[in-house]
Every structure is written in C-alpha cells, then in structure tokens.
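Undergrad:
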Amino acid sequence: MFCMECYHLSGLLWDAITEMDEHNRPIHTFQVCNVMEPNQNNWLRSNWISRQAAQKVYVELRFTLRDCNSIPWVSGTCKETFNLFYHETDEAHGVKFRPAQYTKIDTIAADESFTQMDLGDRILKLNTEVREVGPINRKGFYLAFQDIGACIALVSVRVYYKKCPFTLRNLASFPDTVPRVDSSSLVEVRGACVDHAEERDTPKLFCGADGDWLVPLGRCVCSVGYEEIDACRPGFYKAYAGNIKCSKCPPHSFSYGDASAICRCEKGFFRAEKDPPTMACTRPPSPPRNLIFNLNDTCLLLEWSPPSDTGGRRDLTYNVQCKRCGPEPDHCQLCEDELRFLPGPLGLTNATVTVMDFSAHANYTFEIESLNGVSDMSSRRNPATSQPQQSPSLVGTLKKDWASPNSIALSWQQPEQTTLPIIDYEVKYYEKVLKYSVYDSKAPSVIVSGLKPATWYVFSVRTRTAAGYSSYSPKYEYETTGDCKYLRPSTVLISSNMASDQGQVLVIVTAAVGGFTLLVILTLFLLITGSEYFTTYVDPDTYEDPTQAVHEFTKEIDPSRIRIERVIGAGEFGEVCSGRLRTPGKKEIAVAIKTLKGGYVERQRRDFLREASIMGQFDHPNIIRLEGVVTKSRPVMIVVEYMENGSLDSFLRQHDGHFTVIQLVGMLRGIASGMKYLSDMGYVHRDLAARNILVNSNLVCKVSDFGLSRVLEDDPEAAYTTTGGKIPIRWTAPEAISYRKFSSASDAWSYGIVMWEVMSYGERPYWEMSNQDVILSIEEGYRLPAPMGCPVALHQLMLHCWQKERNHRPKFTDIVSFLDKLIRNPSTVLKNFFLPESPGEEMDYPMFISVGDWLDSIKMSQYKSNFMAAGYNTLDSVARMSIEDVRRIGVELIGHQRRIISSIQTLHLQLLHEHEKGFHV
C-alpha cells in the first residue's frame, strides 16, 4: 500500500481513520463528509508510483458512500460522487501540489449507498470500481482523489498492470510479457527451446490485452537421444530429433550410456556407411553353396546356391576369380584378362555366370565369393571353388553306312585323347528347310528313322562327358532313298551288315530310357513350377464378412506415417490426394491417397475397400502397387504408389507426337504384360482403357482402377456374367455388350482399343459417334482404321484383337511375345507382318477371283460399275482403298460405306497372307 497525502483547498481535509471491521480487525480508511457546506474541494493524493514495465495500469477503488437523502437538513450541497485524477512524472515532486497538472480519469459513482439505519446496524455497503490509466510514457505517476461534497470513505486503492506470465508450451519457454496498450493488437513472442530440445518450426505465442497467451505456433522437439526431455536409458537410443519415444537397440547392437543417438554393434557385426541407425547390425555372408559347372564347347556355365547365412542383409553380390594352373597345383596365375565373363566377374546379383574364350588343354580354377554391404569391414573370406575339366574332344568323320526311304545309318570314330569317359553322343539333324531334331546314342553309331523319302538331311554329332558337351562336328549332308512300297515309314531297320546287334539294341534302349527320362523331367517341372500357374485370384465378394478379405489381403498403416500434401483429383468415394508415406527403416516414398468422404454408409465403406482387397492380391511391375489401407481411424484411406504422369490418355494428349513408335510399343508391352499377369490369375478387368492406365516418371505403364473387375471361373473358357451396371461401350467386346459376358477374351478386345488410343495419342475411339452407332457399326463389321503413322503390324494386331469370335482373339501371352519381337527388332515394325489366328496355326481366308466376286460376297454388287469406272479392276488396288476413296466412287450410304471398308480391311489381310505365306510371328 502506498502513502496518501491530504490537501485542503476549500473546506476540510480528508481524515485518516482506523476502524474495526465486523471481524474485529483494524482497517485504515480516508474519509470526508462535509455535506453541510457548499463548494467543497478536498483533495487526497497518493505518493509517486513507479510504472515499471507497464504501459497501461488499472486502479481498483473500494469505498463506501452515504445516500444524501438519508442525511437530514441537507440542502443541495450534498453529492454522491467523487473524481479520480492522475499525473505522469519521471520522479517525485516533493510536497508541492498543483491540481492543474492532473488529468481527470473519471467521475466515480457508487452502485450501492448506505443510510443512517445501516450505520445503526453496522451494515456498510462496499463498492468496487476499476478504471484504466494509460498509455503511460513517464517513469511513474501520482493518483489524486477530489471530493466535491460527498460523504465518502475510501477503504482501499490497488494499482496493478496485466501481463502474460512465464509459461512452457510445446517444449519452448516464453517469458513474462506485457501486452500493448491497443487492446486490438497482440504481442508476438518467440519462445526458446528448453534444454535437450531443438526447433522444428519457430515456436511463437501471442500475448493478448488481458494477459492471456493466444495462438500457439511452431514447436520444439526432443533432441537426439532424448524423449520428453528425459534421456534414453542404456539399451535404448533415438537417432533423430522429434517427439517420439526412445527405441530399443536393433539386433546385435547395444547402447551403454544415457542419451545415446546410436547403438554400437556387437563384436563381429557391422553397420555399413549408408545403413540407417535403425537397421540391425549385420555380418558378412557365409560361402556360396553347391557350386556346379557345365562345360559346353568352349563356354563354361557356373551355377551355385546362395549362402546359407546372408549375414542378415539383402545386398548380396558375388565375385568370380579365375586362376589358370600349371601341372603343379601351386603354380597358378590370375586369368580374368584372357577370359570373357557374362555379365561380368564382379558384383553379380544372380547366382550364375558364363565364362568364354578358354584356351585348349588348360586347367582353370574358379573361386566364387559372396559379399554384402559389410564385407569390407571384416577379414572374413568365403570362396567356393570349382575346377572344370578339359573340354571333350571332337569326333572323327561322320559317315553314312546305308540309307532307306525313311532311315539313315551313321557311324563315326571315337575321339582319341579323352581324359574322361564318354557318356554318350548327340546327333543333330534337320531337313534343309526345317527345324533340326536331336538323337542320343551311347555307341559311335546311330540309325535315324522317321525320315522322308528322297530327301536331303544335314547331320552333325558331338560327344558328352562329365565336363559337358564338345563342339559339333562339321556338317554332313546325306539323302534318303526313294519310296519303297513294302516298308512302313515308322519301321526301324535292323541289319547285321550295317551295325552290331549290340549297337542296335542300345539305340532302342536309349530311346526308351530317354522317353522315360523326359516323362520324369516333365513331371518334376510341373510339380516344381506348378505353384506359379495355380496362383489364383480370390474374389472378396465370396467372403461372408468382406472385412476379412481386407485384413487378409491388405496391410494396415498407422495414419501418423502418412502426410497428405495436396488434392490431385476426385474419385467415386471421395478426394484423391498426393502425399508421402514414411516407413521405419526405409526411405520416405511418394504415394497417392484415396479417401472415403464423411457421412458414408457401411455399404459404401465396403465397396470402397473392395478395390484394396483386389489390389492387395497383385504383385507385378505393370500393376499399380497397394501400399496399405487405413481402416481403424478417420478418414478411411487406400494408399497406393504415386504415378507422376497420371492417366495414360491425358499424358498422351499432352505429349502428342513426342514419342517414337518403339517407345509407344514399349508402353503397350507393359500394359500387355500386366494384363497377362491378371489373365494368368484368372482375373477379368472389364474396364481396360487408357484412362485406367497410370504412367510414372520412367514411362512405365501400370494397370489400375479395379472397380468394375470380376473374377473368372476355374474353367479358362468360362466368362463372368453380371446384371445391371454401366458398360464402357467404346472399349467393350460385342458379347459383353449384348450378353454381359466378360472374359479374358473381352479384355483382349479392350486392349486393342487401348492400342488404338496409344497410337493416336489419346484420341477418342470412334470419335463423335453415339454409343448406339458404335454398337451397330461393330455388328456390321466396321473396325477402327489405323491411326496416322501407325505401322501395319500394330494395326493388324488391333484387328486380331477385334475378331467377332472371341476364341479367335489372341491371348495376352501371344500379344506380349509379338511385341517383344518388335522391340528386339525395331526395323520389323515397318514390315507388313501377318498375325496368325493362334500360335502355330495359319488363318484360312476364302480368296476371290475378281472384284465382282468380292462385291457379290458382301452383297454390294450394285456398286460393280462404280468400281470399274473408277479403275479399281483388281483386288490389290481395292485393298489399298481408303474411306475417302469409297465415298469418291459414289457410295453415299453410311452403312454401305462401313460394310465395304470393313471388308477391304479383311481383304487386305488375306492378300498379305498370300504374299508372305509361310512367315509367322
């Protein structure tokens, strides 16, 4: 409490009086009650008050005031108010008081006044009033109270200012802060991170006029080795700053002190330079196992099994070291420079290598060493060694002993210097215009049967030992004799003057054993590889509880690992966003996030997650990859890999004409590969279109959008039948439009449309034709023409995909094989390839003798004179006609134009087949 000074300018002074309150405690008051005399002017001044840091102060007055009406014989001199003043100065005045220097703050009136009766009952009604003073710019101030004729008692005066007190927010400390005078503006205060914390975003608070902290921004996070300001205890670590818990040390590592940022590896274990601290300590791998070799001519194939212990790492590679040794084992020298290794001697990722360019009659020793990312940190060596034997020697001259219409008997001399016993001989033979066949023989002779009469054959032979095969002998040409009526083509002649009985028996036994061996090999192959072909897709709709399929085929993601960055589109169920996915121990990756909008019903949630249950079953480089789902919090999300270039149709339209034909074929090959994978799993997409193909930054195309997809039944020829729902007419096969039957063959039709979209750089199929016109045109035989610049080979593949009979359409396996051949031989893209009906078969087209016969066959004979008058007298000239040519000769009806041009396309294929007969892709 500060001191008060009384000043009497007119009338009496304020009186300082001590009284007892109702609790019998003394209270000090200043009173004045000169209500009988007019013109009162009594002043009470405080001592000098320092404002300290305040710019605005508050004065709280507690006082009592008597009701003038309760005082008898009082004329108009009684008042019920008093005045409050202040005066700013940098230092105290002393005793001199000048009222003119003071500024009035306010006139103070009482809310409650007391009467004479209250005095008798000692009930004094206390009033409290608060007034603001400021802004104050000097170091301090005085307060003054002016009485002008009231009966008043000043019980207390409290002077204070407001501030935002020291506080801790988000691991940052904020000091005491005084607010601004302007109550509408806030004071921005930057915080300081507490010990063992560091700024992530600049921490800020804003101090309000009432002393409240507002609008927290930014934050500090715990430093490396600390969680919530506490140090990580031994056995735990924290490698990154952030508000996360300390983690237990990874396997084969430990931390021995507090606040560890990393765990040290145990003895014998290491962490590579680029390994994250979260990774377990690892060690070098054990040696490779089961090293075997196969020596074929001068080509050595080395194969081995991976080490039994990879050291806990996945970056396993192999090095091959070659030594050429003399007669004594310790006289060896390195030989890598004189040999050729495919793909190379160092850094191999596959457990196989081919070695070429050997010298004859030399001994080679090979060491295969397995390494990983920490092998350089250890002296541990782990080679596996193999020493191939010398190559088998060549046989002597190959002689024809006798010939018949269906057989030829051959013999040859055994090789002379053989270090290993000969296991058998292999005879290769072929008709000059056909693919070769192979015969095996234990003896240096063989009877090759089942040949054509009077036909020349080419023969060569090679030996096989434990070291592998020798090179083939020179080629020898021999001819069978003319046809003999009494000999059956399948008879094997046995003649004592041609070969020994033992040799003939060996040939027959070898064939039998060989047939049995082939049967065993095929059986083992099917058993070993069968699992790949019996991997099938499981329809989520077959589950009684669809959420079970979600749990079985997808991975739940903690939503805290997902950072949504921006909205990139809208889907059927909600927004589609791009963002980042953080996986512990792995690099943060870009992802696309499909969200389920709020207010959904359970059916919508089930349909939304159904697509994730489908995608979760696929693992192929040309199928969009599912990263996981969020189902245990809101919003529900599906997280997939991010494809930077978006949908294929939009991407092509934006880059019209920018790619080579081979680049476009490469995109088509990727789509076909993805569809082959789906088809092999027994899965039908139903909505294959360029809009549902996504493209990444490397131009890799991936099949996506499985909303319309359904499963194919076990029978490979079966089709899925559905009712209701919308069908994308321009991309859908006729049987799917008419009967709603979908199959891999209907997907092949859609793939042909995708091919057309790609080669036309995203043009709309069938342009502005209505859906009904598209259906009628297809039924009449119309097919899309080749886009501008599209090679004939690709358009023929499109037409093959658009065969009306679905069983005649190519399988995706055939499509991938066809496109692979185009990519390997780019020059062939410009040739007129003929695509067969199915692998190994020729297409059988009826040919016409004249243009008139052709027009009769398509019931367009009324236009014969038009064709003749325009000079189209041969089928070759007709096959080159375009739609404009057809219109120009006078065919005006659109239906007739479509029928004629569609038949011309078929005719073009027929003529190509006749010109290039015998050539198959």
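Quick note: the sequence shown uses UniProt numbering, first residue 1, plus one each step. Here a beta-carbon is modelled for each residue, glycine too, at the ideal position from N, C-alpha and C.
At the 7 Å Cβ level, is G646 part of the contact set with chain B, yes or no?
TA: The structure shown contains no chain B; it holds only a single protein chain.
Undergrad: Relative to the C-alpha of residue 925, which residue among T536, N319, S760, Q862 is closest?
TA: The chain is shown from 1 up to 921; residue 925 falls before or after that span and cannot be answered.
Undergrad: Sorted by chain position, which residues of the same chain lie with C-beta nearer than 7 Å to A870's C-beta, five sequence neighbours on each side aside?
TA: So the list reads I889, once near-sequence residues are dropped.
Undergrad: Are the CB atoms of V181 and Q55 within a distance shorter than 7 Å?
TA: Yes, these two residues count as a Cβ contact at 7 Å.
Undergrad: So does the stretch 773-781 actually touch the stretch 645-664, counting three or more Cβ pairs closer than 8 Å?
TA: Verdict: no, contact absent.
Undergrad: By a C-beta neighbour count over all protein chains shown, 10 Å radius and 16 as the cutoff for buried, is Q504 buried or exposed?
TA: Any reading at Q504 must be qualified, since the residue scores a pLDDT of 33, below 50, and its modelled position is unreliable; no value is offered.
Undergrad: Who are the Cβ neighbours of Q321 in its own chain at under 6 Å, not counting the five residues just before and after it?
TA: Once the five neighbours on either side are set aside, the close Cβ partners of Q321 are E367.
Undergrad: In chain order, what residues of the same chain have a beta carbon less than 7 Å from the beta carbon of A272, not counting five sequence neighbours either side?
TA: G373, V374, listed in sequence order.
Undergrad: Measure the CB-CB distance between S173 and V194 and report whether it falls below 7 Å.
TA: Cβ atoms of S173 and V194: closer than 7 Å.
Undergrad: From the DSSP output, in three-state form, read off A272 for me.
TA: In the structure shown, A272 sits in coil (DSSP, three-state: anything other than H, G, I, E or B).
Undergrad: From S305 to T463, what distance separates their C-alpha atoms?
TA: Spanning the two alpha carbons is a distance of roughly 28 Å.
Undergrad: In whole angstroms, what is the alpha-carbon distance linking D15 and S113?
TA: Straight-line Cα distance between these residues: approximately 20 Å.
Undergrad: Given a cut-off of 7 Å, decide if V567 and C577 are closer than it, judged by their beta-carbon atoms.
TA: A contact, by the Cβ cut-off of 7 Å.
Undergrad: Nearest to Q654 by alpha carbon, out of T128, S760, P276?
TA: That would be S760, whose Cα lies nearest to the Cα of Q654.
Undergrad: Quick check: what's the CA-CA separation for S838 versus V792?
TA: For S838, the pLDDT reaches just 39, beneath the cut-off of 50, and the residue's location in the model is therefore unreliable, although a value from the coordinates is still provided. About 19 Å.
Undergrad: In this structure, does DSSP put H800 in helix, strand or coil?
TA: If DSSP states are grouped into helix, strand and coil, H800 belongs with the helices.
Undergrad: Report the rounded CA-to-CA distance for T282 versus T349, giving the unit in angstroms.
TA: Whole-angstrom Cα-Cα distance: 19 Å.
Undergrad: Smallest Cα separation from Y102: which of Y86, S877, K702?
TA: The shortest C-alpha separation from Y102 is found at Y86.
Undergrad: Beta-carbon separation of Y900 and M860 under 7 Å?
TA: Correcting the residue type first, residue 900 is Ile in the shown sequence and not Tyr. The answer is yes: Cβ separation under 7 Å.
Undergrad: Quick one: residues in its chain with C-beta nearer than 6 Å to the C-beta of Q413, no 5 flanking neighbours on either side, listed in chain order?
TA: Closer than 6 Å at Cβ, skipping near neighbours: G396.
Undergrad: If distances are taken between C-alpha atoms only, which option among F97, L154, H896, W767 comes closest to I858?
TA: The option with the nearest alpha carbon to I858 is H896.
Undergrad: Under 7 Å, do Y476 and Y457 count as touching if we go by C-beta distance?
TA: It is not a contact, given that the beta carbons lie outside the stated cut-off.
Undergrad: Tell me the residue span of the beta strand (DSSP E) that contains Y885.
TA: Reading off the sequence, residue 885 comes out as Asp, not Tyr. Unbroken run through D885 is the alpha helix (DSSP H), 883-888; no beta strand (DSSP E).
Undergrad: So, is N873 buried or exposed, given that buried needs 16 or more other C-beta atoms within 10 angstroms?
TA: When all chains shown are included, N873 counts as exposed.
Undergrad: For M356, count neighbouring C-beta atoms within 10 Å of its own C-beta (all shown protein chains included) and say buried if the count is 16 or more, exposed if not.
TA: Label assigned to M356: exposed.
Undergrad: Going by DSSP, what residue range makes up the alpha helix (DSSP H) through P546?
TA: Here the alpha helix (DSSP H) through P546 covers 546-553.
Undergrad: Apply the 10 Å Cβ neighbour rule to M881 and answer buried if 16 or more other Cβ atoms are within range, or exposed otherwise.
TA: By the neighbour-count rule (16 or more Cβ atoms within 10 Å), M881 is buried.
Undergrad: Just how far apart, CA to CA, sit R634 and S650?
TA: Taking the straight line joining both Cα atoms gives about 32 Å.
Undergrad: Measure from the alpha carbon of S746 to the alpha carbon of each residue in I753, M755, V754, A736, then state which is nearest.
TA: Out of I753, M755, V754, A736, A736 has the C-alpha closest to the C-alpha of S746.
Undergrad: Rounded to the nearest angstrom, what separates D715 and A261 at their Cα positions?
TA: Only weak support is given to the placement of D715: the predicted model assigns it a pLDDT of 38, under 50, and the value that follows is read from those uncertain coordinates. Distance between the alpha carbons of D715 and A261 is about 59 Å.
Undergrad: Below 8 Å, how does it come out for the stretch 59-68 and the stretch 76-90: are there three or more Cβ pairs, yes or no?
TA: The stretch 59-68 is in contact with the stretch 76-90.
Undergrad: Could you give the distance in angstroms between the alpha-carbon of D501 and the alpha-carbon of E369?
TA: Low confidence applies here, because D501 scores a pLDDT of 34, under 50, leaving its location unreliable and the question unanswered by this model.
Undergrad: Does S46 pass the burial test, meaning 16 or more other C-beta atoms within 10 Å, or should it be called exposed?
TA: It counts as buried.
Undergrad: With the cut-off set at 7 Å, would you say C78 and V32 are in Cβ contact?
TA: No, Cβ-Cβ distance for C78 and V32 is not below 7 Å.
Undergrad: Which residue comes first and which comes last in the alpha helix (DSSP H) that contains L186?
TA: Taken as a continuous stretch (DSSP letters only), L186 belongs to no alpha helix (DSSP H), as it is neither H nor E.
Undergrad: Identify which residue in T107, G326, A733, G140 has its Cα closest to the Cα of H800.
TA: Taking only the C-alpha atoms, the option nearest H800 is A733.
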